[in-house]
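Asks: Pasting a structure here, questions to come.
Protein chains: 4
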Amino acid sequence: MSPSTPPAGRPLRADARQNVEQILDVAQEVFADLGYQASIAEVARRSGLGMGTIYRHFPNKTALVEHVAVKVMRESVDEVRRALAEQPATWAAFTRVVRHMVRLRSSQLFPVSRGRAKEPGPELAEVRTRLLTALEDLVARTQRAGALRQDVTAYDIVLMLNSIPPRLPDPDDAGPTVDLGDRCVGVLLDGLRAPSSETLPRPAPSRREIDQFFRTMYGL
Amino acid sequence: MSPSTPPAGRPLRADARQNVEQILDVAQEVFADLGYQASIAEVARRSGLGMGTIYRHFPNKTALVEHVAVKVMRESVDEVRRALAEQPATWAAFTRVVRHMVRLRSSQLFPVSRGRAKEPGPELAEVRTRLLTALEDLVARTQRAGALRQDVTAYDIVLMLNSIPPRLPDPDDAGPTVDLGDRCVGVLLDGLRAPSSETLPRPAPSRREIDQFFRTMYGL
Amino acid sequence: MSPSTPPAGRPLRADARQNVEQILDVAQEVFADLGYQASIAEVARRSGLGMGTIYRHFPNKTALVEHVAVKVMRESVDEVRRALAEQPATWAAFTRVVRHMVRLRSSQLFPVSRGRAKEPGPELAEVRTRLLTALEDLVARTQRAGALRQDVTAYDIVLMLNSIPPRLPDPDDAGPTVDLGDRCVGVLLDGLRAPSSETLPRPAPSRREIDQFFRTMYGL
Amino acid sequence: MSPSTPPAGRPLRADARQNVEQILDVAQEVFADLGYQASIAEVARRSGLGMGTIYRHFPNKTALVEHVAVKVMRESVDEVRRALAEQPATWAAFTRVVRHMVRLRSSQLFPVSRGRAKEPGPELAEVRTRLLTALEDLVARTQRAGALRQDVTAYDIVLMLNSIPPRLPDPDDAGPTVDLGDRCVGVLLDGLRAPSSETLPRPAPSRREIDQFFRTMYGL
DNA sequence: TATGAATGAGGTTTCATTCAT
DNA sequence: AATGAATGAAACCTCATTCAT
Chain Z
115 MSPSTPPAGR PLRADARQNV EQILDVAQEV FADLGYQASI AEVARRSGLG
165 MGTIYRHFPN KTALVEHVAV KVMRESVDEV RRALAEQPAT WAAFTRVVRH
215 MVRLRSSQLF PVSRGRAKEP GPELAEVRTR LLTALEDLVA RTQRAGALRQ
265 DVTAYDIVLM LNSIPPRLPD PDDAGPTVDL GDRCVGVLLD GLRAPSSETL
315 PRPAPSRREI DQFFRTMYGL
Chain G
115 MSPSTPPAGR PLRADARQNV EQILDVAQEV FADLGYQASI AEVARRSGLG
165 MGTIYRHFPN KTALVEHVAV KVMRESVDEV RRALAEQPAT WAAFTRVVRH
215 MVRLRSSQLF PVSRGRAKEP GPELAEVRTR LLTALEDLVA RTQRAGALRQ
265 DVTAYDIVLM LNSIPPRLPD PDDAGPTVDL GDRCVGVLLD GLRAPSSETL
315 PRPAPSRREI DQFFRTMYGL
Chain F
115 MSPSTPPAGR PLRADARQNV EQILDVAQEV FADLGYQASI AEVARRSGLG
165 MGTIYRHFPN KTALVEHVAV KVMRESVDEV RRALAEQPAT WAAFTRVVRH
215 MVRLRSSQLF PVSRGRAKEP GPELAEVRTR LLTALEDLVA RTQRAGALRQ
265 DVTAYDIVLM LNSIPPRLPD PDDAGPTVDL GDRCVGVLLD GLRAPSSETL
315 PRPAPSRREI DQFFRTMYGL
Chain U
115 MSPSTPPAGR PLRADARQNV EQILDVAQEV FADLGYQASI AEVARRSGLG
165 MGTIYRHFPN KTALVEHVAV KVMRESVDEV RRALAEQPAT WAAFTRVVRH
215 MVRLRSSQLF PVSRGRAKEP GPELAEVRTR LLTALEDLVA RTQRAGALRQ
265 DVTAYDIVLM LNSIPPRLPD PDDAGPTVDL GDRCVGVLLD GLRAPSSETL
315 PRPAPSRREI DQFFRTMYGL
């Protein structure tokens, strides 16, 4: 009953696996363009597949959305991990990771929904945990190096990064897209850099609140 | 067909005007609770009015949404205007206005939609202009006072404020809500305070890009 | 959440109430003709109403089916009650009631479905109880009069009557229908008349088994 | 287009014939469990075969259903034939056959559908004829022996037997099933035994009406 | 030949909008 | 002028049937 199990049972036939990949890619694009309320039919149309094919691989729309989200988050996790492995614990390194994450999310914007959602499936909960853990590492060592203000946590960072406006489609519909988030990131980074002067109110968000945030803002 | 003409023609009767007010209030609350996809029927139910009454005053759902947006923005404009009139041009004054605006928007969060929207109606365009103008004043004089970094514009500020996570409904559904945005604001403010160290990329957003942002993020 | 509440809340407008009646009548006819798997669209078509109207009054198809079933059963209950009030406790009276009930059900045949159904709604459970109770009275007094074999219960009767083949639509589609059940009833009645010679196996069905029967045979 | 030709053309290879047998067995079980609306995919799953294999042997679902029906009826015919060959023309013999047929049908219950069906295929028509003929023999000789009431025909018997409630799946889903039909059969047999007292109305059903009955009740 | 992935028509359900009361 | 019932297009989802592997 878990809404997130397309690669269940035996391995898929080669062409079927390809279809799953394509469905996820197209769905990501469609949701980015039209939002979560885009119809499955639209995903089918753009991918050149029948709707039935999508439903064969994802039991319902929610599952598809979740899988797209998982996919996007996985890329972020990889990014942070890589940075942790390769970079020294400097401000520059922190900056680079943050910018990269934002760029990732920006161009792969996923659905914005609102409206009561169920508990997220286990896979989603898991990548989210992995992302938070990786960020905790990053935050901890950058703080240890004295470059990042002491009163923020990885949970704050996740929240802020997910609030950066995504890259917008060009009004003329085709052509390159407009990234209004870059400047926000700059300001945010300056705000995050030690030393700080504003005192941050209330305790840093809890995991429960992070989950609540995603559930409310993205329906995930 | 213009989607923004409820108080058109002659002035409304007293009770009719009251209805309009109430519809807007309830709609704001409903959209905040359930998001843009909340049904008109829900607005009717909560306001104790018939759906027909809502449609008498607003030609369609989009118009209703727009008017809620206008209402919320008007309150922001008033706030900024008041600050400009009463406060000296200090960092503290700037801070106070920003926090107030965020709190306004936070508790009156309006719909998040995505998906191609039409050109916004003239009223919406107009408050938006008024808000931007008021903020330009605020920004200019705070910068003149040397308290705000020089490389941001009112357009940047609007964008950043609209990217602060809104107050979330409590997971236990009733009771007080959770405000995760307060801490973000703190960081942002530190980032906005002069002197700055990050260099902001690309030119500040244009009015056209701001419109594009609202159209994409809120369908407005 | 109970799937059987169309007359909920305040009383309906006159025309709406009429529509509800008509929907039930038409649905009964449609299900009799085409079976439970008939589409709601078909009910809408035959009643000249939009599908939305049906869904306004019945939250889902199951609820509609249940209400048709309740309606049919109610008529049976009334019939038995009337007989109990007016008739003496003779074999002839018993016979008359049985024949009448069969004729009722025959011409108002309701859906035949199979397939796991949920617990029936409270209204359905209630008429069923009322029907069984009424039949218990009838059976008891006919047995006391020595006319009905002693080893059957009202539950046996319900089962048998509901197994009588319903009146069939004429193959030529229009014209009068064919009632193959009449003769079955004759034989059954002879079998029910005291004295008996076959010994009936196993205990009479329990209420639980009766419910199971309806759930399995009619999805109710 | 004839919907009943799986063993058409040359004789099947040994393994193919095995597949056909297995499909029929599984389908019978599935239809008994889930009703006619069970999906072909379910039959495929339970039989461990691909859906394509089923469609190779049966042109469509209707054909599969028909073949299951033919299979069940064939067993009934055999049963009656055996009884005719081995048993004397007594009431006890008649009783035994009837009970056996009911038990057969009960445990091998086939689909209950409703809804316009096409003319049954030739094979189905043929077993039905054979069953009716066999029953005619049985009825005739039991009547000649004076044990069975004179005013019923084999067609009546078929109808009555098919109106006995089938064995129901246990509500607790697994475990033994509940047979509510046994007691009905007892009553019916008493009703069929000579001498009778009820006068049966209308002429006994015609072959055409029997066919109509099956078409309507089982879609066959 | 057997498999199970793909298809798409059709069914259920929702909801913005219209309109009779 | 207000009400809320009716409408019907469009969304989600299922499954009989086809077809590439």
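Protein chains in written order, with my numbering: chain Z, 115 to 334; chain G, 115 to 334; chain F, 115 to 334; chain U, 115 to 334. Note that beta-carbon positions come from the ideal geometry of N, C-alpha and C, so glycine has one too.
#1: So what's Ser-118/G in DSSP terms, helix, strand or just coil?
#2: Kindly indicate which three-state DSSP category Val-266/U falls into: helix, strand or coil?
#3: Skipping 5 residues on each side, what residues in its chain have a beta carbon closer than 6 Å to that of Pro-234/Z?
#4: Since Val-241/G sits in a beta bridge, which residues does DSSP pair it with?
#5: Spatial neighbours of Leu-306/U within its chain, please: CB distance less than 7 Å, with the 5 preceding and 5 following residues excluded, ordered by chain position.
#6: How far does the alpha helix (DSSP H) with Ser-161/F in it reach, from first residue to last?
#7: Quick one: is Gln-151/Z near chain G, going by C-beta distance under 9 Å?
#8: Using a Cβ-Cβ distance under 9 Å, would Gln-326/U count as near chain F?
#9: Candidates Pro-315/U, Ala-268/U and Cys-298/U: which alpha carbon is nearest Arg-244/U's?
#10: Name the chain Z residues that come within less than 8 Å of Ser-311/G, Cβ to Cβ?
#11: Determine the burial state of Ser-310/G: buried for a count of at least 16 other Cβ atoms within 10 Å of its Cβ, exposed for fewer.
#12: List, in order along the chain, the chain U residues whose C-beta lies closer than 8 Å to that of Val-266/F?
#13: Tell me where the alpha helix (DSSP H) around Gly-166/U begins and ends.
#14: Roughly how many whole angstroms lie between the Cα atoms of Met-115/G and Thr-176/G?
#15: Pick from Trp-205/Z, Val-194/Z, Glu-200/Z and Ile-137/Z: whose alpha carbon is nearest that of Met-215/Z?
#16: Span of the alpha helix (DSSP H) holding Pro-282/Z?
#17: Residues in the same chain with beta-carbon distance under 7 Å from Arg-188/F, minus the five sequence neighbours each way, listed in chain order, please.
#18: Does the beta carbon of Val-253/U sit closer than 9 Å to a beta carbon anywhere in chain F?
#19: I need the straight-line Cα distance from Ser-161/Z to His-171/U, nearest angstrom please.
#20: Can you check whether the CB of Gln-151/G is closer than 9 Å to the CB of Lys-185/G?
#21: In whole angstroms, give me the CA-to-CA distance for Val-299/Z and Asn-276/Z.
#22: If distances are taken between C-alpha atoms only, which option among Thr-204/Z, Pro-315/Z, Met-165/Z and Leu-138/Z comes closest to Arg-258/Z?
#23: Measuring only the C-alpha atoms, how far is Ala-207/U from Thr-256/U?
#24: Identify every residue that forms a DSSP beta bridge with Arg-307/G.
#25: Establish whether the CB of Ser-277/G and some CB of chain Z are separated by less than 9 Å.
#26: I believe Glu-135/G touches Leu-148/G by the beta-carbon criterion, under 8 Å. Please report the beta-carbon distance rounded to the nearest angstrom.
#27: Cα-Cα, which of Ala-318/U, Arg-217/U and Glu-250/U is closest to Leu-282/U?
#28: Thinking just about the alpha-carbon of each residue, which of Leu-294/G, Arg-322/G and Val-272/G is nearest to the one in Val-292/Z?
#29: Beta-carbon of Met-274/G versus every beta-carbon of chain Z: anything under 9 Å?
#30: For chain F, check one thing: does any of its Cβ atoms lie closer than 9 Å to the Cβ of Glu-323/U?
#31: In chain order, what residues of the same chain lie with their CB nearer than 7 Å to the CB of Ile-271/Z, ignoring the 5 residues before and after it?
#32: So the candidates are Thr-209/Z, Phe-327/Z, Ala-197/Z and Met-274/Z; which of them puts its Cα closest to the Cα of Cys-308/Z?
#33: For Gln-326/Z and Arg-219/F, what's the separation of their Cα atoms in angstroms?
#34: Taking beta-carbon pairs under 9 Å, can you tell me which members of the segment 194-209 of chain F lie near chain U?
#35: Applying the criterion that 16 or more other CB atoms from any shown protein chain within 10 Å of the CB defines a buried residue, is Pro-317/U buried or exposed?
#36: Taking only the alpha-carbon atoms, compute the straight-line gap between Ala-130/G and Val-140/Z and give it to the nearest angstrom.
Replies: In terms of the structure at hand:
#1: Taking the second sequence and counting its residues from 1, the one referred to as residue 118/G is at position 4. Low per-residue confidence applies at Ser-118/G: pLDDT is 42, beneath 50, and the placement is therefore not dependable, though the value from the model is reported in the following sentence. Coil.
#2: Your numbering for residue 266/U matches position 152 in the fourth sequence. If DSSP states are grouped into helix, strand and coil, Val-266/U belongs with coil.
#3: Your numbering for residue 234/Z matches position 120 in the first sequence. Result list for Pro-234/Z: Leu-334, in chain order.
#4: The count along the second sequence starts at 1 and reaches residue 241/G at position 127. The partner list for Val-241/G (beta bridge, DSSP) is empty, contrary to what the question assumes.
#5: Residue mapping note: residue 306/U aligns to position 192 of the fourth sequence, counting from 1. Once the five neighbours on either side are set aside, the close Cβ partners of Leu-306/U are Leu-262, Arg-263 and Val-266.
#6: By one-based count along the third sequence, residue 161/F stands at place 47. Per DSSP, Ser-161/F belongs to the alpha helix (DSSP H) from 154-161.
#7: Here residue 151/Z refers to the residue found at position 37 when the first sequence is read from its first residue. It does: the Cβ of Gln-151/Z has a partner Cβ on chain G nearer than 9 Å.
#8: Taking the first residue of the fourth sequence as position 1, residue 326/U is located at position 212. It does; some Cβ of chain F falls within 9 Å.
#9: Taking the first residue of the fourth sequence as 1, we reach residue 244/U at position 130. Measuring from the Cα of Arg-244/U, the nearest candidate turns out to be Ala-268/U.
#10: Counting from 1 along the second sequence, the entry for residue 311/G is found at position 197. Near Ser-311/G (Cβ distances below 8 Å), the residues of chain Z are Asp-304 and Arg-307.
#11: Locating residue 310/G in the second sequence gives position 196, where the first residue counts as 1. Buried is the call here.
#12: One-based indexing of the third sequence puts residue 266/F at position 152. By Cβ distance, chain U contributes Arg-297 and Val-301.
#13: In the fourth sequence, the residue the question calls residue 166/U occupies position 52. 165-171 is the extent of the alpha helix (DSSP H) around Gly-166/U.
#14: The sequence position of residue 115/G within the second sequence is 1, counting from 1. The sequence position of residue 176/G within the second sequence is 62, counting from 1. Reliability fails at Met-115/G, whose pLDDT of 36 lies under 50, so the model's placement of it is uncertain and the value that follows must be treated cautiously. Taking the straight line joining both Cα atoms gives about 11 Å.
#15: Here the question's residue 215/Z lines up with position 101 in the first sequence. Of Trp-205/Z, Val-194/Z, Glu-200/Z and Ile-137/Z, the residue nearest in Cα terms is Val-194/Z.
#16: As a working note, residue 282/Z is residue 168 in the first sequence. Checking the sequence shown, residue 282/Z turns out to be Leu, not Pro. Here Leu-282/Z belongs to no alpha helix (DSSP H), and DSSP marks it neither H nor E.
#17: Working through the third sequence from its first residue, we reach residue 188/F at position 74. Closer than 7 Å at Cβ, skipping near neighbours: Val-241.
#18: Position 139 of the fourth sequence, counting from 1, holds the residue named residue 253/U. Chain F contact via Cβ: absent.
#19: For the purposes of this step, residue 161/Z is taken as the residue at position 47 of the first sequence. For the purposes of this step, residue 171/U is taken as the residue at position 57 of the fourth sequence. Those two C-alpha atoms are separated by around 34 Å.
#20: Along the second sequence, one-based indexing puts residue 185/G at 71. Along the second sequence, one-based indexing puts residue 151/G at 37. For Lys-185/G and Gln-151/G, no; Cβs fall outside 9 Å.
#21: The count along the first sequence starts at 1 and reaches residue 299/Z at position 185. The count along the first sequence starts at 1 and reaches residue 276/Z at position 162. Cα-Cα distance, rounded: 11 Å.
#22: If you number the first sequence from 1, residue 258/Z lands on position 144. Nearest option by C-alpha distance: Thr-204/Z.
#23: Translated into positions along the fourth sequence, residue 207/U becomes position 93. Translated into positions along the fourth sequence, residue 256/U becomes position 142. Their Cα atoms are separated by approximately 9 Å.
#24: Counted from its first residue, the second sequence places residue 307/G at position 193. According to DSSP, Arg-307/G bridges with Leu-262/G.
#25: Along the second sequence, one-based indexing puts residue 277/G at 163. Yes, Ser-277/G lies at the interface with chain Z (some Cβ there is under 9 Å from its Cβ).
#26: The sequence position of residue 135/G within the second sequence is 21, counting from 1. The sequence position of residue 148/G within the second sequence is 34, counting from 1. At roughly 21 Å, the Cβ-Cβ gap does not stay under 8 Å, so Glu-135/G and Leu-148/G are not in contact.
#27: On the fourth sequence, residue 282/U is found 168 positions in, with the first residue counted as 1. Ranking Ala-318/U, Arg-217/U and Glu-250/U by Cα distance to Leu-282/U puts Arg-217/U first.
#28: Working through the first sequence from its first residue, we reach residue 292/Z at position 178. It is Arg-322/G.
#29: The count along the second sequence starts at 1 and reaches residue 274/G at position 160. Yes, contact with chain Z.
#30: In the fourth sequence, counting from the first residue as 1, residue 323/U sits at position 209. Taking Cβ atoms only, chain F reaches closer than 9 Å to Glu-323/U, which makes this a yes.
#31: Locating residue 271/Z in the first sequence gives position 157, where the first residue counts as 1. Cβ within range, chain order: Leu-249 and Val-253.
#32: Start at 1 with the first residue of the first sequence, and residue 308/Z comes out as number 194. Position check: residue 308/Z holds Ala in this sequence, whereas Cys was assumed. With distances taken between Cα atoms, Ala-308/Z lies closest to Thr-209/Z.
#33: Locating residue 326/Z in the first sequence gives position 212, counting from the first residue. Locating residue 219/F in the third sequence gives position 105, counting from the first residue. The straight-line gap from Cα to Cα measures roughly 54 Å.
#34: Answer set for the segment 194-209 of chain F: Thr-209.
#35: Here residue 317/U refers to the residue found at position 203 when the fourth sequence is read from its first residue. When all chains shown are included, Pro-317/U counts as exposed.
#36: Translated into the one-based positions of the second sequence, residue 130/G becomes position 16. Translated into the one-based positions of the first sequence, residue 140/Z becomes position 26. Whole-angstrom Cα-Cα distance: 48 Å.
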